[in-house]
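As you go down the protein sequences, you meet chains S and B in turn.
So that you can map any letter, position 117 of the first sequence is 106 in this note's numbering, and since no number is skipped, the others follow by simple counting.
Quick note: to get this note's numbering, add 251 to the position in the second sequence (first position is 1).
A quick write-up on the structure given underneath.
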Amino acid sequence: MKPLFLGILLALASLPAAADRQRLPPDPTYRAECGSCHVAYPPGLLPAASWQQLMARLDKHFGSDASLEAKLHAEISRYLAANAGRRTAPPGAEPRITQTRWFLKEHRKEVPAGKNPADCAACHKGADNGIYED
Amino acid sequence: MKWMFTAAALAAAGSTFGAEPAGLLAAYQAEARKANPAFAASTQRGAEFFNAKHGNEWSCASCHGSPPTGQGRHATTGKAIAPLAPAANAERFADAAKVEKWFRRNCNDVLGRACTPAEKADVMAFVLK
C-alpha cells in the first residue's frame, strides 16, 4: 500500500513538471538570434531535417539575410536538432511551419482575416515566451 | 576559455567603436574620413538614405518605421520591432558587435551590398538626432 501511495504522489508531482517542459521559453541564444524578425518559433514545430534545410541557407532566409557567425550557427543548429519535432516535414527547399499539416489543421478556422499567420504573437500573446495556449 | 575570448572581443570592439551611440557614430565618421577627409555625417543625408529604397523591395523604414522613434513592424512577418532610436529605446546602439551584425544583414537586404562607413555614419546621425 505504501509504495503505491508513494508512486501516485510522485506521478502527481511530475505532472506540472511535464507541462512546464512543453512550454519552456526558447533557449536565450536562439531567442536572441532568431527572435528579432519573427517569434522564436518552438523548435518542435519542424522536424530536424527541415531545420537543417533552413540553417543551410540563412543568408537567403525567406528573402532576407539572417546569416550567423559560425559559432552561433553551430550552437543554434545543435539546439534545433536536439529539440526538433517528429512530424512530417513541410514541402519545399524553404520549409514553412505554416505549411505543416499540423499548423493547417490547427488553424484552418482560426487565423483571422488580416492577421499574418507568421506573426504568432498577433493572437498568441505569450508567443515570445513560448506560450501558445490562448 | 570561452568567456576570455568574449571579453577580449568586446574589449577590442569597445576600443574601436566606443560603447555609446555617439562613440559609434564618431568611429564610423573617422572611418569614412580615411577615404574622404572632408566627410561629415549628415542627418539630412541619413534621413533620405533611411527612407529611400535602394533597388530592392525594402527601405530601412519598411521595418523600422518612420520616424524611427516609433515602433516598427517587420515587412514580411509582421512582428513588432522595438523603436530604433536610442531616444525611445536605450538598448539600441549600445553594443558595437550587435550594431555591426545588423548593418551587415540589413544593408544586404535593402541595398544588396554592405553599407559604407559614410552611409552608416549618416544613418546614425539621423537616428540619434
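Cβ coordinates follow ideal geometry from the N, Cα and C atoms, glycine included.
Owing to the predicted nature of the structure, the values given are computational and were not obtained by experimental measurement.
Of the residues assessed, I120(S) falls on the exposed side of the cut-off, its CB having fewer than 16 other CB atoms within 10 angstroms.
Interface flag for R355(B) against chain S is set, since a Cβ pair is found closer than 9 Å.
In the structure shown, G274(B) adopts helical secondary structure according to DSSP, grouped into three states. In the displayed model, A348(B) falls within a helix according to three-state DSSP.
For V378(B), the enclosing alpha helix (DSSP H) begins and ends at P368 to L379. Residues of the same chain with a CB within less than 6 Å of the CB of Q280(B), apart from the 5 flanking positions on each side, are A292 and A372 in chain order.
Residue N357(B) holds the alpha-carbon nearest to the alpha-carbon of D48(S) among A289(B), Q295(B), A369(B) and N357(B).
With distances taken between CA atoms, E22(S) lies nearest to M44(S) out of A111(S), M44(S), L35(S) and A37(S). Closest by C-alpha distance to W91(S), out of G52(S), P101(S), W40(S) and L35(S), is L35(S).
Taking A333(B) as the centre and dropping the five residues before and after it, the same chain places the C-beta of Q322 and N340 closer than 7 Å to its C-beta, in chain order. With distances taken between CA atoms, P15(S) lies nearest to N72(S) out of N72(S), C109(S), E122(S) and D108(S). Using a Cβ-Cβ cut-off of 9 Å, V100(S) does not count as an interface residue toward chain B, since no Cβ of chain B sits closer than that to its own. A Cβ-Cβ contact shorter than 9 Å links L379(B) with F344(B). Across the stretch 32 to 55 of chain S, CB contacts with chain B closer than 9 Å involve D48, F51, G52, S53, D54 and A55, in sequence order along the chain.
As computed with DSSP, I332(B) is found in a beta bridge with G323(B). A distance of 9 Å or more separates the beta carbons of M375(B) and G316(B). Taking 9 Å as the CB threshold, D108(S) lines the interface with chain B. Residue contact with chain S for T367(B): absent (no Cβ-Cβ distance below 9 Å to any residue of chain S). Against chain S, the CB of H325(B) has a partner CB under 9 Å away; the residue lies at that interface.
The C-alpha of A111(S) is placed about 32 Å away from the C-alpha of R364(B).
A338(B) and P101(S) have their C-alpha atoms spaced approximately 35 Å apart. Contact between I65(S) and Y19(S) is confirmed by a C-beta separation of about 6 Å, below the 8 Å threshold. A369(B) sits close to F290(B), with the two beta carbons spaced by under 9 Å. At least one beta carbon of chain B lies nearer than 9 Å to the beta carbon of N105(S). Cβ-Cβ distances below 6 Å link K104(S) to A111 in the same chain, with the five nearest sequence neighbours on each side left out; the list follows chain order. At a cut-off of 9 Å between C-beta atoms, S66(S) does not count as an interface residue with respect to chain B.
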